[in-house]
Amino acid sequence: DGGITQSPKYLFRKEGQNVTLSCEQNLNHDAMYWYRQDPGQGLRLIYYSQIVNDFQKGDIAEGYSVSREKKESFPLTVTSAQKNPTAFYLCASNMQGGAGELFFGEGSRLTVL
Amino acid sequence: AQSVTQPDIHITVSEGASLELRCNYSYGATPYLFWYVQSPGQGLQLLLKYFSGDTLVQGIKGFEAEFKRSQSSFNLRKPSVHWSDAAEYFCAVGAGSSSNTGKLIFGQGTTLQVKP
Numbered sequence: 001d002g003g004i005t006q007s008p009k010y011l012f013r014k015e016g017q018n019v020t021l022s023c024e025q026n027l028n029h030d031a032m033y034w035y036r037q038d039p040g041q042g043l044r045l046i047y048y049s050q051i052v053n054d055f056q057k058g059d060i061a062e063g064y065s066v067s068r069e070k071k072e073s074f075p076l077t078v079t080s081a082q083k084n085p086t087a088f089y090l091c092a093s094n095m096q097g098g099a100g101e102l103f104f105g106e107g108s109r110l111t112v113l
Numbered sequence: 001a002q003s004v005t006q007p008d009i010h011i012t013v014s015e016g017a018s019l020e021l022r023c024n025y026s027y028g029a030t031p032y033l034f035w036y037v038q039s040p041g042q043g044l045q046l047l048l049k050y051f052s053g054d055t056l057v058q059g060i061k062g063f064e065a066e067f068k069r070s071q072s073s074f075n076l077r078k079p080s081v082h083w084s085d086a087a088e089y090f091c092a093v094g095a096g097s098s099s100n101t102g103k104l105i106f107g108q109g110t111t112l113q114v115k116p
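For the record, the sequence lines run as chains A and B. Numbered per this note's numbering, the first sequence spans residues 1 to 113. Numbered per this note's numbering, the second sequence spans residues 1 to 116.
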């Protein structure tokens, strides 16, 4: 079945450590997105990519980095510079980077100890 | 700037009762509008979307929503709520032009609790 796979589902890290969240899609979508979800704040866009080897900052990119070396993959690194990294992270994709429906993964919950 | 407001953070309804979740948006051009549902610890699932045409749109699980341009609203309704509808609901708006980036702006979410 086509879809978006995020891993790991749960992740714990110590302060000062970088961590990478994986996002893989087999929907043949051009565009991919990373959102951060905190209680009562909805979803906020971290980074997005409309094409391989290109990506743009979203509204809360500080302390995060991404790469888009393959169409299917869009990993997110939460760096030690991110001051409050504990959150639920959602990866999404859609066709052509247009205003079409977003398809979401199941999410990854990061907890900093 | 684009924005989405869901005025109700938390709503409780009895099973079998009707439901209306409110959504107001701010956007200068023709918006694309969406409602998503999220179960705890899960990703988001699309309930319905409005791009153009009939302002009353039908979605999955018996949900519908009505686009009212004059009120900048896109409220979600269901005539009879089931216990399995308990979840968090998000309204979202996307730009309606070819030059957009495909980003969606999400509201803060409304948590629905269903009483037996």
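Using N, Cα and C, we set each Cβ at its ideal position, and we do this for glycine too. The model shown is predicted, which means the values in this text are computed figures rather than measured ones.
request  = Reducing DSSP to helix, strand and coil, say where Lys-9/A ends up.
outcome  = By 1-based counting over the first sequence, the position of residue 9/A is 9. It is coil, neither helix nor strand.
query = What residue does the beta strand (DSSP E) around Met-32/A start on, and which one ends it?
reply = Within the first sequence, the letter at position 32 stands for residue 32/A. 31-37 is the extent of the beta strand (DSSP E) around Met-32/A.
ask   = Where does Ile-60/A sit, in a helix, a strand or coil, going by DSSP?
value = Numbered from its first residue, the first sequence carries residue 60/A at position 60. In the structure shown, Ile-60/A sits in coil (DSSP, three-state: anything other than H, G, I, E or B).
request  = List the residues of chain A that Phe-67/B touches, going by C-beta distances under 9 Å, in chain order.
outcome  = For the purposes of this step, residue 67/B is taken as the residue at position 67 of the second sequence. Result: empty, since nearest Cβ-Cβ is about 15 Å, beyond 9 Å.
Member of Phe-74/A, Phe-12/A, Ala-81/A and Pro-85/A whose CA lies at the smallest distance from the CA of Tyr-47/A = As a first step, residue 47/A is located in the first sequence; it is residue number 47 there, counting from the start. Nearest of Phe-74/A, Phe-12/A, Ala-81/A and Pro-85/A to Tyr-47/A, Cα basis: Phe-74/A.
query = In or out: Thr-110/B buried (at least 16 other Cβ within 10 Å) or exposed?
reply = If you number the second sequence from 1, residue 110/B lands on position 110. It is buried - the Cβ of Thr-110/B has at least 16 other Cβ atoms within 10 Å.
query = Shortest alpha-carbon distance to Gln-25/A belongs to which of Asp-1/A, Lys-9/A and Phe-12/A?
reply = Walking along the first sequence from the start, residue 25/A turns up at place 25. Of Asp-1/A, Lys-9/A and Phe-12/A, the residue nearest in Cα terms is Asp-1/A.
ask   = What residues match up with Val-78/A in a beta bridge as DSSP calls it?
value = For the purposes of this step, residue 78/A is identified with residue 78 of the first sequence, where counting begins at 1. Beta-bridge partners of Val-78/A (DSSP): Val-19/A and Tyr-64/A.
ask   = Using CA coordinates, which residue listed in Lys-68/B, Val-13/B and Tyr-50/B is at the minimum distance from Asn-24/B?
value = Taking the second sequence and counting its residues from 1, the one referred to as residue 24/B is at position 24. When only C-alpha atoms are compared, the closest one is Lys-68/B.
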